[in-house]
Amino acid sequence: MFKIIDKTQFSEKVFKFRIEAPEMAKHAHAGQFLMVRANECGERVPFTFADWNAEEGWIEFIFMVIGKTTTLLSSYEAGDCIQDVTGPLGCPTEMGEGKWAVIGGGVGLAIAFPVARQLVATGHEVHAIMGARTKDLLLLEEQFRSILPEDHIHITTDDGSYGEKGVVTAPEERLIAAGDVDHVFCVGPVPMMKFATLTAQKYDTPIIASLNPIMVDGTGMCGCCRVQVDGKTKFACVDGPDFDATKVDWNDLRARQAAYRTEEGQSLKAYEEANCACQK
Ligand SMILES: Cc1cc2nc3c(=O)[nH]c(=O)nc-3n(C[C@H](O)[C@H](O)[C@H](O)COP(=O)(O)OP(=O)(O)OC[C@H]3O[C@@H](n4cnc5c(N)ncnc54)[C@H](O)[C@@H]3O)c2cc1C
Ligand code: FES
Numbered sequence: 006m007f008k009i010i011d012k013t014q015f016s017e018k019v020f021k022f023r024i025e026a027p028e029m030a031k032h033a034h035a036g037q038f039l040m041v042r043a044n045e046c047g048e049r050v051p052f053t054f055a056d057w058n059a060e061e062g063w064i065e066f067i068f069m070v071i072g073k074t075t076t077l078l079s080s081y082e083a084g085d086c087i088q089d090v091t092g093p094l095g096c097p098t099e100m101g102e103g104k105w106a107v108i109g110g111g112v113g114l115a116i117a118f119p120v121a122r123q124l125v126a127t128g129h130e131v132h133a134i135m136g137a138r139t140k141d142l143l144l145l146e147e148q149f150r151s152i153l154p155e156d157h158i159h160i161t162t163d164d165g166s167y168g169e170k171g172v173v174t175a176p177e178e179r180l181i182a183a184g185d186v187d188h189v190f191c192v193g194p195v196p197m198m199k200f201a202t203l204t205a206q207k208y209d210t211p212i213i214a215s216l217n218p219i220m221v222d223g224t225g226m227c228g229c230c231r232v233q234v235d236g237k238t239k240f241a242c243v244d245g246p247d248f249d250a251t252k253v254d255w256n257d258l259r260a261r262q263a264a265y266r267t268e269e270g271q272s273l274k275a276y277e278e279a280n281c282a283c284q285k
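Residues in the sequence shown are numbered from 6 upward in steps of one, following the numbering used here.
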C-alpha cells in the first residue's frame, strides 16, 4: 500500500498526489512513468512522474479526471492508501543540447511540465507551447509560469477563449522559423503530435513525441502498448515512451488508443451509477 501524503487540486478535474515511496524517489528521472492500481479490483493506469524527492522519500504525479479510474482516484484524500504504485518505468527523456520548444496539449501538459522543468534545471533555453480546447481545460499555467519567463510561454486555445486562437503549430512554426528553438518535445492528442511533427519536419528540426498508448503491465510483457516506429513494432512502456516523432505511425496509434472507447464509457457509467461500485 502506498500512502497519499498530500493532495492538491489545481482545477475542477486536475489533481496532484504526493505519495510516500522512498525507493521509487531514489531512481526516478524526467520522462519516466509509474503504474497505479487504485484498489484491489482496479485496472493499472500509467502516470508520469511530476516530481520526486529522494531525501524526503516521496514522488508526485498529476492527473486529469477523464474516466473511471481517474474519477475514483480523485475521491482519495491525503492519508488514504493506493493499492499499488510501480515504477520508475520507461526510459528517461533524452535532453540533448539546444533550444527547446516543449509542446503539451490537453492532459499532455501534465507530462510536458516535468520535462520542461528538467530542461530548465539543466541549463537549456525552453519555450513552452501550451494548447487546450478552451480556457477551462488549460492545465498547469501557473506551474509553467513559475519556471519560465513571460515571453517563453505561448498559449493557444481552439476556441480563442484564452491566448492565441488556434493550435500549437502556429507558435511552434514561428519559433522554429525565427531560430528561437532547434529541438521540439511534444505530448498530447495524436492529431496534435502528428501536426507538430509535420511542422518540425518542414524545417528539419528534430522532434521527440511522448507516446501514450493504452498500457497494462508497463513492463514489456503484455504487448498492449505496441506502436509502429520506423516500420518496426516497439513497446512504448520499455522502448519509450519517447520516440523520434518523424518515424511514428500516427494512424496506427490513434486506432489502438480508441480500441476500448465503448467499454471505457460503459465502465465510467456503471461506476457513476453505483456511485462507487468498487469501494476504495
Ligand atoms: C506513459 C503514459 C503517461 C501518462 N501520464 C499521464 C499523466 O501524467 N497525467 C494524466 O492525467 N494522464 C497521463 N496518462 C494518461 C492516463 O494514463 C489516462 O488518462 C488514464 O489511464 C485514464 O484512465 P481512466 O480509467 O480514468 O479513463 P478511461 O475512460 O478508462 O480511458 C480514457 C482514455 O485514457 C486512456 N487510457 C485508459 N486506460 C489507459 C491505460 N491503462 N494506459 C494508458 N492510457 C489509458 C485512453 O486513451 C482512453 O481512451 C499517461 C499515459 C501514458 C501511456
Ligand atoms: S504495457 Fe504491456 S508491453 Fe507495454
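Glycine is no exception: its CB is placed at the ideal position from the N, C-alpha and C atoms.
All values reported here derive from a predicted model rather than from experimental measurement.
Within the DSSP secondary-structure output, Ile24 pairs in a beta bridge with Ile9 and Ile64. His32 counts as exposed, since fewer than 16 other C-beta atoms from the protein chains shown sit within 10 angstroms of its C-beta.
Taken through DSSP and simplified to helix, strand or coil, Val50 comes out as strand. Shortest Cα-Cα distance from Ala30 to any of Trp255, Ala59, Ile152 and Lys199 involves Ala59.
For Gly92, the closest of Glu130, Val41, Ser80 and Val19 by C-alpha to C-alpha distance is Val41. Cβ neighbours of Tyr81 within its own chain (closer than 8 Å, five residues either side excluded): Ile9, Lys12, Phe22, Ala43, Ile87 and Lys285. Beta-bridge partners assigned by DSSP to His188: Trp105. Residue state for Asp56 is assigned as strand, using DSSP reduced to three classes. In this structure the segment 151-166 does not lie against the segment 58-76, because fewer than three pairs of beta carbons, one per stretch, are closer than 8 Å. Nearest C-alpha to Leu144 among Leu203, Gly236, Gly113 and Val120: Gly113. Secondary structure at Pro119: helix, using DSSP grouped into helix, strand and coil. Comparing C-alpha distances from Pro176 to each of Phe200, Pro194, Thr98 and Val19 shows the shortest one belongs to Phe200.
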